[in-house]
Amino acid sequence: AGLVTWVTMSYIVVVNPMILSAPDDDGSSPISFHAACRATCFSAAVASGFVGIAANLPFGLAAGMGLNSYLRYGMIGKMGMAPEAALACVFVQAVIFALLAASGIADRTQAMLPTALKSSITVAIGVFQAFVGFQLMGLIVKSDTTMVSLGDLTQPTLWLALTSTVLVAALFVRKVKGATILGIVFTALASNALGLQNARQPLGGPADAATLSGPGMYNLDFSSAMDDPQAFGTAVLCMLFIVVFDTAGVQHGIGQQAGLLDENGTLPGAKFAYLGSALGTAVGAVMGTSPVIIHNESCAGVQEGGRTGLCAVTTAVLFLCSPMLVPLIELIPPQATAPCLVLVGALMMTPIRDIDFMDLRLALPAFLTIVITPLAYSISAGIFAGIASYFVLGAVLRLAEVMEKAGESFGSAIFGESRRSPRREHTAMLMECC
Numbered sequence: 031a032g033l034v035t036w037v038t039m040s041y042i043v044v045v046n047p048m049i050l051s052a053p054d055d056d057g058s059s060p061i062s063f064h065a066a067c068r069a070t071c072f073s074a075a076v077a078s079g080f081v082g083i084a085a086n087l088p089f090g091l092a093a094g095m096g097l098n099s100y101l102r103y104g105m106i107g108k109m110g111m112a113p114e115a116a117l118a119c120v121f122v123q124a125v126i127f128a129l130l131a132a133s134g135i136a137d138r139t140q141a142m143l144p145t146a147l148k149s150s151i152t153v154a155i156g157v158f159q160a161f162v163g164f165q166l167m168g169l170i171v172k173s174d175t176t177m178v179s180l181g182d183l184t185q186p187t188l189w190l191a192l193t194s195t196v197l198v199a200a201l202f203v204r205k206v207k208g209a210t211i212l213g214i215v216f217t218a219l220a221s222n223a224l225g226l227q228n229a230r231q232p233l234g235g236p237a238d239a240a241t242l243s244g245p246g247m248y249n250l251d252f253s254s255a256m257d258d259p260q261a262f263g264t265a266v267l268c269m270l271f272i273v274v275f276d277t278a279g280v281q282h283g284i285g286q287q288a289g290l291l292d293e294n295g296t297l298p299g300a301k302f303a304y305l306g307s308a309l310g311t312a313v314g315a316v317m318g319t320s321p322v323i324i325h326n327e328s329c330a331g332v333q334e335g336g337r338t339g340l341c342a343v344t345t346a347v348l349f350l351c352s353p354m355l356v357p358l359i360e361l362i363p364p365q366a367t368a369p370c371l372v373l374v375g376a377l378m379m380t381p382i383r384d385i386d387f388m389d390l391r392l393a394l395p396a397f398l399t400i401v402i403t404p405l406a407y408s409i410s411a412g413i414f415a416g417i418a419s420y421f422v423l424g425a426v427l428r429l430a431e432v433m434e435k436a437g438e439s440f441g442s443a444i445f446g447e448s449r450r451s452p453r454r455e456h457t458a459m460l461m462e463c464c
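Number 464 marks the last residue of the sequence shown (the numbering used here); no jumps.
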């Protein structure tokens, strides 16, 4: 299970440094590829190992997609922050998140949500994961007209991925242990044997990361908080919002899939999962990478039987070795991990039965969570849409009840008890019938 989790997450070892080291207009990179690669692997190892040991949970943690783009193109690119100042924002966000986790505020925030909304988060993550899988295999592609459309069905990589999906599904049905890793190995070997194009291969430099020793350290520039407090505060709050809702939603969803939730629907050890994310983020900030979150690819490890921290510790050890394994990781094409994401996404549809779609007070927030997550390509955006709509709708209904009671009281005071509302007349008739 730990191996499967690492394999499905291994893309982050290459993709995250590529994003963070994207050159500026003058050709210089704000964060070097090698530094970002080491930071990505070491922060993931620290966070995953901590969660495995302290929380005994099978979660794989690493730098989050979306957060890395925000750091590189939003904070460093658009806001014009220096890399040291941007990484200082990441460190401050980690400290605040750790305080929220240690004080129990993060847990209490999650406890306020109804079971139906929590279940919708699990379903939304499954849909999002399947959508990513379809993109990786080329079944769904970008379209300028309709945003997304059906891919080129003549591509051999697509048919190899679909074949692997059927193979892994059959192995799942037959309850074969290691079905996920077998599917990944089959697809990787077939892809390389057939000479199919691999989007991870033409990178050139990453393999040299293993030859560099010692972690790179950045001198974080906290003075930018005084020079431009608005930009610094905005960046910290944006990252904090994403990390809180993303981490809370993913850990609950995976916990539900693994059957680790208690009778109250809470995940034992969730506080340490939050703290693991904060610890990994702080370490990553010093070394040069974006915030660390729980990866939804952990679902693949859970599907392989991962239920304890041993899974996370195994993933952590593999991340420590990842800088030396970059050339091997490059041989695993994206379409090799795509079938796992699609099938695990399908299996995460189970909690949808907990949602009462006849009750619009719960159905609408759940629907928005499930739909907006893949459409906005953001787990945190979908979670926020569902939570916001739940509380706004609840406030509107509560206000309507208060106004209705106030109106009835006012009417009774003016016209007397004989002028009762239709609802009260109907209730009185029911009482008489009883």
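A virtual CB, placed ideally from N, CA and C, is assigned to each residue, including glycine.
- Residue burial annotation: Thr70 is buried, with at least 16 other C-beta atoms found within 10 angstroms of its C-beta.
- The continuous beta strand (DSSP E) containing Ser179 extends over residues 177-180.
- Non-local C-beta neighbours of Gly299 in its own chain, meaning closer than 7 Å and more than five positions away in sequence, comprise Ala85, Asn86, Leu87, ordered along the chain.
- Cβ-Cβ separation between Gly32 and Thr367: approximately 15 Å, too far for a contact (criterion under 8 Å).
- Per the coordinates, the alpha-carbon of Phe80 lies some 11 Å from the alpha-carbon of Ser73.
- Here Lys148 really is in contact with His282; their C-beta atoms are around 6 Å apart, less than 8 Å.
- By the CB criterion at 7 Å, Ser150 and Ile413 fall outside the cutoff.
- Between Val372 and Thr139 the beta-carbon gap is near 31 Å, outside 8 Å, which marks them as no contact.
- The beta-carbon separation of Met378 and Val153, rounded to 6 Å, stays under the 8 Å limit for a contact.
- The C-beta of Arg68 has 16 or more other C-beta atoms within 10 Å across all chains shown, which makes the residue buried.
- A buried status is given to Asn98, since no fewer than 16 other beta-carbon atoms sit within 10 Å of its beta-carbon.
- Closest in C-alpha terms to Gln185, from the list Gly339, Leu270, Ser173, Leu224, comes Leu224.
- Rounded to the nearest angstrom, the Cβ distance from Arg383 to Leu427 is 25 Å, too far for a contact under 8 Å.
- Under the three-state reduction of DSSP output, Leu91 falls in the strand class.
- In the three-state reduction of the DSSP assignment, Lys205 falls in the coil class, being assigned neither a helical nor a strand state.
- Here DSSP, grouped into helix, strand and coil, assigns Ser73 to helix.
- In this structure, DSSP gives Ile61 a state outside helix and strand, which the three-state scheme calls coil.
- About 5 Å separates the beta carbons of Ala288 and Val332, which is inside the 8 Å limit, making them a contact pair.
- With fewer than three CB-CB distances shorter than 8 Å, the region 110-122 does not count as touching the region 348-355.
- Taking the CA atoms as reference points, Gln123 sits about 19 Å from Ile61.
- Just so you know, the alpha carbons of Arg102 and Val322 end up roughly 15 Å apart.
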